[in-house]
Structures are given as structure tokens and as C-alpha cells.
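Protein chains: 2
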Amino acid sequence: MSIEDKQRLQRNDRVTIRTVAKHAGVSVAAVSKVMRNAYGVSEGLRAKVTDAIEELGYRPSRAARGLRGRSFTIGVLLIDIRNPFLPEVIAGVNGVLAPSHYQAMIGVSDARVQLETSLIESMIDYKMDGLILVAPRLPSEIIAKLASEIPIVAVGYHDAGATAFDTVNADDQRGAEIAVEALLACGYRDIEMLSLGEREGHQVSVVRQREIGFRRAMQRAGLGSSASISKIPIAPPKREETMRKFLSRKNRPRAVFCWSDLDAITLLSLAMEMGVRVPEDLAVIGYDNSSTAALGLVNLASIDQSGRELGQVATRTLITRIEGRTSAEHIFQIPSLVSRGSLIRSSNAKGA
Amino acid sequence: MSIEDKQRLQRNDRVTIRTVAKHAGVSVAAVSKVMRNAYGVSEGLRAKVTDAIEELGYRPSRAARGLRGRSFTIGVLLIDIRNPFLPEVIAGVNGVLAPSHYQAMIGVSDARVQLETSLIESMIDYKMDGLILVAPRLPSEIIAKLASEIPIVAVGYHDAGATAFDTVNADDQRGAEIAVEALLACGYRDIEMLSLGEREGHQVSVVRQREIGFRRAMQRAGLGSSASISKIPIAPPKREETMRKFLSRKNRPRAVFCWSDLDAITLLSLAMEMGVRVPEDLAVIGYDNSSTAALGLVNLASIDQSGRELGQVATRTLITRIEGRTSAEHIFQIPSLVSRGSLIRSSNAKGA
DNA sequence: CACAGAATGTAGAACGTTCTCCATATAACG
DNA sequence: CGTTATATGGAGAACGTTCTACATTCTGTG
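First to last, the protein sequences are chains L and A.
Residue numbering for the first sequence follows this note's numbering, beginning at 1 and increasing consecutively.
Residue numbering for the second sequence follows this note's numbering, beginning at 1001 and increasing consecutively.
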């Protein structure tokens, strides 16, 4: 390392591609070629350059990269970071990305659609190479328009007709059917679904899909007429209130399918408080198989859609699109039942 | 809007600062000045430019901005996204940032220190304006070195001697004392702490601080000699095993203070399975006051360190440093007790 | 009315990459 | 040996901002 180089390091000046080029005695273009392992690089050149990079501890500037070409970053957009389902998705994404030279940057949008759009735009403005949107609330046309600027994969967004972007989903209709079938198998006929309040529900959302599956399974069992769905508001004060009202209803059903573990677990807690025994008085099944559901204290049966797998698949799909695919892909996964104590007193089911 | 402009929009060409300048009939520099609301802009000019921006829907490229000046992005580094404490911190950060022109990008590092460093470097390479590190596992010197390249605030990292970066913490020593005092007030004398396995524990970590507080409070109560701490491994198979062993010990203490709700809740679950009654046989108090602890089913007393507030304070601190402060700040917050059923049978304490 | 000083606007050089040509050296072939 | 193809390396123009230095136009003041 030359004296000049050492001074540079001490001065804390940035080591740029130019520093590396000078140090290796080659051109800037040559270094760039090696970095991107582009065509037309001899072994000798490659060695010189990689040595120089190593020695100087050079890291390319992502900002500059983004300005010209790929930034090797993919953006992940989350709504509502509180849902225990999301960490799994992230883990899946990171798992696939780890061995590659890509990295994930996560943006968290709270409830407002406004923020959601501006966060996506920011990611585009950063010249990220692709986006994974998890449970976006945006209308399909808007996503399609954004997709003309950047490759997009939507997770938890049912729009199998989309041509501009890909979707990766668990089969939420089927998941709901499985839940109902499990309740039926335990002998319950009087089954109700606890779903999410109106506000959130465009047809493409997972919640609406689960409602469809619920209705279909009930119909199939000849219970179509009694298949009722209650909507639970998402915000704290009204939410518990509505659940309490549900629990104290005289015509309370024998079994309930909750659209999400989040609601199911709160329901279990309120039931305990109010002296409603689970599963003797009320059987409960949730959705997501979150880690809390698995706790012995909670012991909630749930539908498992592996978030980790969803994240992995979404990432792989995104990468193929970044690397050139133009036709849309719409991938489904089949969820599975995890039976636990909230379903039935003593059964052959696994779980404590 | 000129015909040329419309064509550009249709072709989906990026609207750049140059487009805006041409459309407003001013120079590029003028537009830039307006954007940054720099000195030397007349009302007339500002109006022309903002109109043009509005009309063309111009958004500055973050990539290009990062290359030259500020990127108006702050990076948040999380380890272990599964901890229910973290979403609160994020919410706090986003809350403070929302009205500003800054945005947060989150990076999630799993257990490996290697990834942690490379993620931070990436954020530097993106020319982010500042970093919030949550519970970093890096040694102080490394953080200090990174801090020479970018403003850094560490949350959950006790290093009040650091001069190169700021820290924001709940007073974990005091929190542990409060926990012990609560147990003492209930009449328990035989108290043990369940802490985290060796691996994680540099002196600066919150865990070690809680241990110190635990010892001090016990000492103060004249129980210094019997103040023992058990370490629970972090990984799944050994973790439960160690807890079970603890629960079936013949000299099991009367009360236990867990370093985190995460462990406390698992402990409650195992206790139920094994027929150890809480709080009759064993009183439990946790740390973090996570949303799960508040569930009626769980009903775990816990120490509350408002993650949201921590996130807010960290963000405000970071911004002042970005805007020029050079002296280090080390901020403490006092945690508080949230009493619940895991503490004592029937008391005046709030909670179900 | 002359002139200093403030206010306003602009040119143009960075910033650190990528990537499209080109130029040259070497190999292959008749 | 001449000609063409191929392999290798380099020059230099983008990319979309920021920001310094400068030119011009307005004030106000003596």
C-alpha cells in the first residue's frame, strides 16, 4: 500500500473505485468489470483487482451504483409490524438473500395508504432493484403502474389476473376450508367466523379470501344458510368490546373460526375472563400459527401458512423477474392444520 | 404542460430536476435551492418552481441525492426481529419521522455479528444520514469507528463513556431493582433471576445491567448471599430443557425475575404443563411489558420500558446530531412496574 | 447620482459508479 | 504472410442531484 493510500485511510477519505484502480495499476473500467464480473476480464487482471480491493477494504457506494445501474438492494414493504406473522416472512427473505450479493431494506408503513405509496416511491427513488410488498392495501391498478418502474412481487394479495406483477400467496380459501373441516370433524355444526371490519377489505385481501373459503366449506357441509360472519373492528377500544358482546350473546355459536391468531388469542383471553370455557363451551381455531398460539398457556389450534416459505418463494420469484422474466407468475401454497387444545377436549390431535 | 412533457410522462421517462427547471423556465440550481429551501430564493421563483413540481409530479431521486448531499433517510438496525419489544421502537421512530422529510429504512440482522457489520456498512454506503442501532452486539470501539463516518445512536447499549456516539436506554439496573422490590413487597425472600446464557453478554448489554440491578437490590435487602442467577440458553432445544430443570429443582426459589418477557412467558407455559402453580408455588415477573404479557391468559407482571418512547427519544437525538451536535449524549429513562396476576394471588395491584 | 452591499439567479464542477463504444494485442485461418 | 475474428483493457459519457463561486439586479445611503 502506497504512502498516499495510507494517508487517505487515515484521513478517513472514502476508498473509491478510482483508488482501487490506481492501486492496482489498471483503469476504472477494469475494476468495474471485475466487480460486476462482466465479460472480457483475464485471470491476471481479476487477481490484481481483487487483491487491491482486499487490501484497501474497498466497498462500492450503493448510492452511486443506484444512480447508474443496479443497487443490489431489494425493498420489503410491511404494513403493521405488530403482526407476529411478519417476522417469519422477513426471515425467509433474508435467508434467500444471505448467500447472494443482494440485501433487503425494510420499510414499515402504518395504517395510512398515503404513507404506503410514498414509501414505495422512496424505494423506487433509491433505485432499488425490486420490491416485495406484504399485504399491500393498494388497488391493483396502482401496483401495476408502480410495477412499470420496478419489479414487484406482492405477498398476501390475491390478484391472479395481474399481468404487471407477481403474487405469492397461501391459498387462503383452502386454509379457511381446512379450518371449517377441522371443526366439522370435531362434531361442531354451529360455526361462525370472526373476520376483520369492513374498512380493510378489498376483494384481493387475504381476509376476504378466507371468508369465501369459510362460506364454501359451510355450504358444502349443508350449513350454508347458517354460515354467518361477524366483523371485528381493528382498533383497540371497539375491538374488545365487540368480542365481549360476541361472547355473551345468547345465540353464541358452538365453534368459531378467527381470521387471524391475533384476534383468536384476544378472544381466548376474554373468554377466560368471562368464564366461557374453551373448548367445552366454545371451540376456537385461528390462522397463522404464530408463536404465541403454540404456547402451552394459549394452546390455540391454527392454520399454518409458513410465512418463512412465503418469504423465500417471494424472494426467489422477485429475483427471476429482476433478471429478466416479463410474464407474470402467481404462486400458491397449501396451508395446513395445526391442531391444539382449543379445538377439542381430548383427541388424537397433536399438541399439548 | 408542454407536449414534450406529456410525451415524457407517457414514455415513463423519469422527471428529473432538469425537466422541472425547463418547465418552470428557471435554472437547475434554482430548483435545487427551492427543494432544499436554501437562502436566496424570491417568492416569485419559489412559486414558479413549486407549481412546476406539483404539475409534473416530480420526486427527487434519493440515489442521486445520496451521491452528493443528504439522502434524508435514517437507517434502523434490528437484531432478532422476533422480540415483541422491537415493533414498539419502530413505531416510535416512525412517529417522530412522519412529519419530517426523513424516512426510516430498516435492516434486520439475524444472530451473526458478521451480517450486522455488513448491514451497517451498507447503510453507510447508501449515504444514509444517520443510524439507530437497537441492541447492537458490536464492541464499543467498532461502533465508535463507524460513528466517524455517520451519526449513530445506540438503543439498548450501555456505554455512558462513549464519546463518538449517543446512547438511549431505559435504566436497566433500576428496572431490575424495581422488579426485586416488587417481589420483596409481596413478601418473597427466596428470589432468583433467570438471565441470558453467557454468549450474549458483553458488559454493555441490557442483560448484564439487569443482573447488576438484581444483585444490588438483593444486597440492599440483606439477601446478597442468596442472590443467585441462572442462565438460560437462547436456542430452542436447550432452552426449554433448562427451564424444565429449573422448575423441577427441589430447591426451586419462591419467586423468579426473568430478564425478558420472552423467557418469562415460556416459563409460565412450562409451569402450567408441569403443574407448578403461579403465583402460589412460584411468583414470576418479566421485563418489557410486551403485548403478550398483558393478555388475560398470560397475566404476567412485567417491567415496562416504553419501547415507543425509546424510539422517539433516539430519533430526536439522532436528528440533533445530524444537524450538527458533536458532543455525546447519554439518555436514561426510568422504567416502571406493571403488576399482574403472576405476582400475587389477590392484591390491590391493577390487572385482571 | 455614485456606489457599497444585499438579494437573487446561474454555470458548472463534483459525487462514484456503470456501460457503450473503441483501440489494441493476440489467435486462427487460408 | 495477410486477413479476419476474438479476447482484453481503457476513455469517457452518462446518471440526477448539491453546492460553490460568480454574475447580475436591486436597495438604500451619503
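Don't be surprised by glycine CBs; every beta carbon is placed ideally from N, CA and C.
Source: prediction; values computed, not measured.
Who are the near neighbours of R1321(A) in its chain, counting only those whose CB is closer than 6 Å to its CB and skipping five residues on each side?
Same-chain partners within the cutoff: P1151.
Does any C-beta atom of chain A lie closer than 8 Å to the C-beta of A352(L)?
Reliability of the predicted coordinates at A352(L) is poor, the pLDDT of 39 falling under 50, and the value obtained from them is presented with this limitation in mind. Yes, its Cβ sits closer than 8 Å to a Cβ of chain A.
On the DSSP bridge list, what partners appear for F1085(A)?
Paired residues: none, contrary to the question.
Pop quiz: S109(L) and L115(L) are said to be a contact at Cβ under 8 Å. What is the actual Cβ separation, rounded to whole angstroms?
Between L115(L) and S109(L) the Cβ distance is about 5 Å, and since that is below 8 Å, they are a contact.
Taking 8 Å as the cut-off, does the stretch 247 to 258 of chain L touch the stretch 268 to 282 of chain L (at least 3 CB pairs, one atom from each stretch)?
Taking 8 Å as the limit for Cβ pairs, the verdict is that the stretch 247 to 258 of chain L does touch the stretch 268 to 282 of chain L.
Report all residues from its chain with a CB closer than 8 Å to the CB of R174(L); omit the five preceding and five following residues, and keep chain order.
Excluding residues within five positions, the ones whose Cβ falls inside 8 Å are G213, I334, P335.
Could you check whether the Cβ of R1036(A) sits closer than 8 Å to any Cβ belonging to chain L?
No, because no Cβ of chain L sits closer than 8 Å to the Cβ of R1036(A).
Scan the stretch 291 to 314 of chain L for residues whose Cβ lies nearer than 8 Å to a Cβ of chain A and list them as they occur along the chain.
Residues S291, T292, L295, G296, L297, V298.
Assuming S1071(A) and M1128(A) are in contact, meaning their beta carbons sit under 8 Å apart, how far apart are those beta carbons, in whole angstroms?
Correct: roughly 6 Å between the Cβ atoms.
Quick one: is L77(L) near chain A, going by C-beta distance under 8 Å?
False, the Cβ-Cβ gap to chain A never drops below 8 Å.
Under 7 Å between beta-carbons, which chain A residues line up against M272(L)? List them in chain order, please.
Under the 7 Å cutoff, chain A gives G1296, L1297.
Using a Cβ-Cβ cutoff of less than 7 Å, which residues in the same chain neighbour I81(L) once the five nearest sequence positions on both sides are dropped?
Correct list, in chain order: V108.
Measuring alpha carbon to alpha carbon, tell me which of E177(L), A176(L), E149(L) ends up nearest A164(L).
Of E177(L), A176(L), E149(L), the residue nearest in Cα terms is E149(L).
Is there a Cβ from chain L that is less than 8 Å from the Cβ of Y1058(A)?
No, its Cβ sits nowhere closer than 8 Å to a Cβ of chain L.
Over what stretch of residues does the beta strand (DSSP E) that includes G25(L) continue unbroken?
Per DSSP, G25(L) belongs to no beta strand (DSSP E) and is neither H nor E.
Does the Cβ-Cβ distance between A255(L) and L282(L) come in under 8 Å?
Cβ distance < 8 Å, so A255(L) and L282(L) count as in contact.
With DSSP as the reference, identify every bridge partner of T1073(A), one or two as the case may be.
For T1073(A), which the question treats as bridged, DSSP gives the partners Q1103(A).
Do the stretch 1225 to 1241 of chain A and the stretch 1289 to 1305 of chain A make contact, defined as three or more Cβ pairs closer than 8 Å?
The answer is no - the stretch 1289 to 1305 of chain A does not touch the stretch 1225 to 1241 of chain A, with fewer than three Cβ pairs under 8 Å.
Would you say I234(L) reaches chain A, if we count a Cβ-Cβ gap shorter than 8 Å as a contact?
False, the Cβ-Cβ gap to chain A never drops below 8 Å.
Can you tell me whether S1118(A) is helix, strand or coil according to DSSP?
In the structure shown, S1118(A) sits in a helix (DSSP, three-state: H, G or I).
Using 10 angstroms around the beta-carbon of Q305(L), count the other beta-carbons present and answer buried if the total reaches 16, otherwise exposed.
Q305(L) comes out buried.
Considering only residues of the same chain and omitting the five flanking positions on each side of V155(L), which have a CB-CB separation below 8 Å?
V89, I132, L133, V134, A135, T167, V168, N169, L310, G311, A314.
What three-state label does DSSP hand F257(L) in the structure shown?
DSSP places F257(L) in strand when its eight states are reduced to three.
Mind listing, in chain order, the continuous beta strand (DSSP E) runs of no fewer than 3 residues lying wholly within the stretch 166 to 211 of chain L?
The stretch 166 to 211 of chain L contains these whole beta strand (DSSP E) runs: 166 to 170, 191 to 196.
Rounded to the nearest angstrom, what separates I1331(A) and G341(L) at their Cα positions?
Roughly 46 Å between the two C-alpha positions.
Assign T1326(A) to buried or exposed, taking buried as 16 or more other Cβ atoms, counted over all protein chains shown, within 10 Å of its Cβ.
Classification of T1326(A): exposed, given that the 10 Å Cβ count is below 16.
Only counting the same chain, and skipping five residues up and downstream in sequence, which positions put a Cβ closer than 8 Å to that of A1352(A)?
Low confidence applies here, because A1352(A) scores a pLDDT of 39, under 50, leaving its location unreliable; read the following figure in that light. G1296, N1299, R1340, G1341.
By the DSSP assignment, the beta strand (DSSP E) with K1145(A) in it spans what residues?
Taken as a continuous stretch (DSSP letters only), K1145(A) belongs to no beta strand (DSSP E), being part of the alpha helix (DSSP H) at 1140 to 1147.
Scan the stretch 1080 to 1102 of chain A for residues whose Cβ lies nearer than 7 Å to a Cβ of chain L and list them as they occur along the chain.
Answer in chain order: I1081, R1082, P1087, I1090, N1094.
Just to confirm the assignment, what range does the alpha helix (DSSP H) spanning Q312(L) have?
307 to 322 is the extent of the alpha helix (DSSP H) around Q312(L).
Excluding five sequence neighbours on each side, which residues of the same chain lie with their C-beta closer than 6 Å to the C-beta of R1220(A)?
Once the five neighbours on either side are set aside, R1220(A) has no close Cβ partner at all.
List the whole-angstrom C-beta distance separating L337(L) from A182(L), where the pair is believed to meet the contact cut-off of C-beta under 8 Å.
So it is a contact: roughly 5 Å between Cβ atoms.
Taking the alpha carbon of A1091(A) as the point to measure from, which residue in D1172(A), V1113(A), A1063(A), R1308(A) has its own alpha carbon closest?
Closest by alpha carbon: R1308(A).
Can you have a look at K350(L) and say buried or exposed, based on whether 16 or more other CB atoms are within 10 angstroms of its CB?
Confidence is the limiting factor: at K350(L) the pLDDT is only 40, short of 50, which leaves the residue's position unreliable and the question unanswerable from this model.
If you follow the alpha helix (DSSP H) that A1294(A) is in, where does it begin and where does it stop?
1291 to 1294 is the extent of the alpha helix (DSSP H) around A1294(A).
Output yes if chain L places a C-beta closer than 8 Å to the C-beta of Y1126(A); else output no.
Interface residue, yes.
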